[in-house]
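*Asks:* Position one of the sequence shown corresponds to residue 813 (our numbering), numbered consecutively onward.
Shown below is the structure under consideration.
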Amino acid sequence: MHCFKINTLKSCTALLVISVVLALPACQPGESEPDFINLRGETMGTMYSMNIETDLPAKELQADIDSLLVILNEQLSTYIPESTISRFNQTDSTIEILTAAEPFFVENLMISKRIFGETDGMFDPTVMPLVNYWGFGYTGHEPPEAVDSAVVDSLLKKVGFDKVDFSVDEYTEVRKKIPGVELDFSAVAKGYAVDVVANYLAQNEVTNYLVDIGGEVCVQGPGRRGSGWVLGISTPDPTADGASISQRLILNRGCVATSGNYRNFRMVDDSPVGHTINPLTGFPEMNNLLSVTIWTSTAAAADAYATASLVAGYPAAKKLIEEMEGLEGYFIYLDEDGEVQHAWTEDFSTLLGEEELN
């Protein structure tokens, strides 16, 4: 029997966004390939795919990973009424939890507080009341047929991560400063789940892997052929084939997340509104930035900064990422003439596999 190490307290240091593993050529005669396990499954309302070089038995490996993802959902899913985040959303004031028993929720609080501050509120997990109003949330609420600015203004008063207080010790106490504040970790949770799995693999001495949950990806090692893991940035066009790729990337470390508004949208007043809600205005953000891909050391941070970038638009998003240490970005946007343009931060160029493929 194999015993795998799982440390749920230690973390590794979105869905339009699809990072696709491109097909690689088969080995030539006489060449050997390491033992890789390919795991596929469902979690958090999306699919996962993992390519792992290991001699650990696949069945037990997947069982352990699925167990971690179930625990994560039980803490972070707004669609589970008994989850930790749902308990907070349902309370009028305060919840208290044993930190060691619900570490994923606590870590998402800490990550969110940091990135909320670093992005001047453009990433804000208290946007939940607005997400529900615009028809993208857990309540099943249909989007409004016509915009009611008074309703948006009233909901906006409940938004702002500075309206949440928490203290972490043996027990973590999380308090609402005003009633009606709700949390939504959907802009960071999938990335965080990737980090949890990557950390689990590292603890079990796996050094060559790709973990993809809903398009948020972490990689480590030389990949299947020794030259890096090959990923692709999807073409930001709702009419394009889902497998259409704008740009190829080659990575041997780090994490990427891509965000865009071009597929997940609703119709309001006969106009499309995207799923990215601007927490500063209360309205869906539809600007010139079609797609943004962020590379950094954790998928949680990549996920959150991709969302903040969509809110900022271009070129403000590029400036935001350039000012942050350890982050790189790739931006697909519309210029003043309505033409699609590509831009990236300086060091992102080291990740580009070849010329644009669009």
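Ideal Cβ positions, reconstructed from N, Cα and C, are used throughout, including at glycine.
From a predicted model like this one, the values you see are computed outputs, not experimental measurements.
So for T855, helix, strand or coil by DSSP?
*Replies:* strand
*Asks:* N901 by DSSP, collapsed to three states: which one?
*Replies:* helix
*Asks:* When burial is assigned at 16 or more other CB atoms within 10 Å of the CB, is R1036 buried or exposed?
*Replies:* Around the beta carbon of R1036, 16 or more other beta carbons sit within 10 angstroms, so the residue counts as buried.
*Asks:* State the Cα-Cα distance for the pair I909 and T1162, rounded to the nearest angstrom.
*Replies:* 44 angstroms
*Asks:* Taking the DSSP output, what are the residues bridged to H1154?
*Replies:* I1144
*Asks:* In chain order, which continuous runs of the alpha helix (DSSP H) of length 4 or greater are located wholly inside the stretch 900-964?
*Replies:* The alpha helix (DSSP H) runs lying completely inside the stretch 900-964 and spanning 4 residues or more are 915-930 and 940-945, given in chain order.
*Asks:* Nearest-angstrom Cα distance between P1127 and D1007?
*Replies:* 29 angstroms
*Asks:* Which of the three DSSP states, helix, strand or coil, is assigned to Y860?
*Replies:* strand
*Asks:* Can you give the Cα-Cα distance for L1102 and L888, rounded to whole angstroms?
*Replies:* 28 angstroms
*Asks:* As an exercise, report each continuous beta strand (DSSP E) stretch of at least 3 residues that is fully enclosed by the stretch 1038-1069, in chain order.
*Replies:* Segments of the beta strand (DSSP E) lying fully in the stretch 1038-1069: 1041-1046 and 1057-1063.
*Asks:* Could you name the residues that DSSP lists as bridge partners for N850?
*Replies:* The partner list for N850 (beta bridge, DSSP) reads N863.
*Asks:* With a cut-off of 8 angstroms on the beta carbons, I'd call Y1021 and I877 a contact; round off their distance for me.
*Replies:* Actually they are not in contact, since the Cβ atoms of Y1021 and I877 sit about 11 angstroms apart, beyond 8 angstroms.
*Asks:* Residues bridged to K988 by DSSP?
*Replies:* V976
*Asks:* Work out the CA separation of V1068 and Q874 for me, nearest whole Å.
*Replies:* Roughly 23 angstroms between the two C-alpha positions.
*Asks:* Hey, could you find the ends of the alpha helix (DSSP H) V882 is sitting in?
*Replies:* A870 to L888
*Asks:* Count Cβ pairs between the stretch 1119-1139 and the stretch 950-965 that sit closer than 8 angstroms; are there 3 or more?
*Replies:* Contact between the stretch 1119-1139 and the stretch 950-965 is absent, because fewer than three Cβ pairs lie under 8 angstroms.
*Asks:* Should A962 be labelled buried (16 or more other beta-carbon atoms within 10 Å of its own) or exposed?
*Replies:* exposed
*Asks:* Considering only C-alpha positions, which residue in the set V1152, V1018 and L1063 is nearest to V1104?
*Replies:* V1152
*Asks:* Are A1014 and V1023 closer than 7 angstroms when you measure CB to CB?
*Replies:* no
*Asks:* Closest to F848 by C-alpha separation, out of T855, L921, D974 and D867, would be which residue?
*Replies:* D867
*Asks:* Under a three-way DSSP split, which group does T1119 fall into?
*Replies:* In the structure shown, T1119 adopts helical secondary structure according to DSSP, grouped into three states.
*Asks:* Any heavy atom of the ligand MG closer than 6 angstroms to the Cβ of S961?
*Replies:* Summarising the ligand content, the structure contains no ligands, and the ligand MG is consequently not present.
*Asks:* Can you tell me where the beta strand (DSSP E) with L1139 in it begins and where it stops?
*Replies:* That residue, L1139, is in no beta strand (DSSP E); it is neither H nor E in DSSP.
*Asks:* Relative to the alpha-carbon of K1002, which residue among Y950, T858 and Y983 has its alpha-carbon at the smallest distance?
*Replies:* T858
*Asks:* Rounded to whole angstroms, what is the Cα-Cα separation between N944 and P1034?
*Replies:* For N944 and P1034, the distance between alpha carbons rounds to 42 angstroms.
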